[in-house]
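> In the working numbering, the protein residues as written are 472 to 560.
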């Protein structure tokens with residue numbers, strides 16, 4: 472509130488609720504909180520499909536004028552018992 476310039480605030484989780492079974496577990500585990508507050512005057516809007524890998528690229532490009540290449544927004548599910556990694560389509 473008392474900052475000399477309007478701040479960037481990012482609140483981001485690393486995973487969602489993962490206590491369900493089957494496909495519901497996979498869906499919920501990848502439903503993370505990803506809240507981004509940009510300074511006044513920045514009119515950029517994060518895509519609804521943005522994934523954590525692109526959060527900081529989006530902010531740096533939008534707020535500070537960088538031109539970082541964003542990665543493809545992809546999600547993976549890691550089985551906590553076997554550590555098998557599966558891309559979610």
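Think of the CB as a built atom: it goes at the ideal place given N, C-alpha and C, for glycine as much as any other residue.
For residue 520 and residue 544, I'd like the C-alpha separation in whole angstroms.
Going from the Cα of residue 520 to the Cα of residue 544 covers about 7 Å.
> What's the call for residue 530, buried or exposed, on a 16-neighbour Cβ count within 10 Å?
buried
> From this set, 487, 481, 540 and 475, which residue's C-alpha is nearest residue 549's C-alpha?
Of the listed residues, the one whose Cα sits closest to residue 549 is 487.
> Which same chain residues end up closer than 6 Å to residue 516 when comparing Cβ atoms and leaving out the 5 residues on each side of it in sequence?
none
> Compute the Euclidean distance between the alpha carbons of residue 494 and residue 474, then round it to the nearest angstrom.
Going by C-alpha positions, residue 494 is about 44 Å away from residue 474.
> In terms of alpha-carbon separation, which member of 553, 480, 484 and 477 lies closest to residue 501?
484
> Starting from the C-beta of residue 491, find all residues in its chain whose C-beta is less than 7 Å away, skip the five residues before and the five after it, and write them out in chain order.
499
> Is it the case that the Cβ atoms of residue 526 and residue 481 are separated by a distance below 8 Å?
yes
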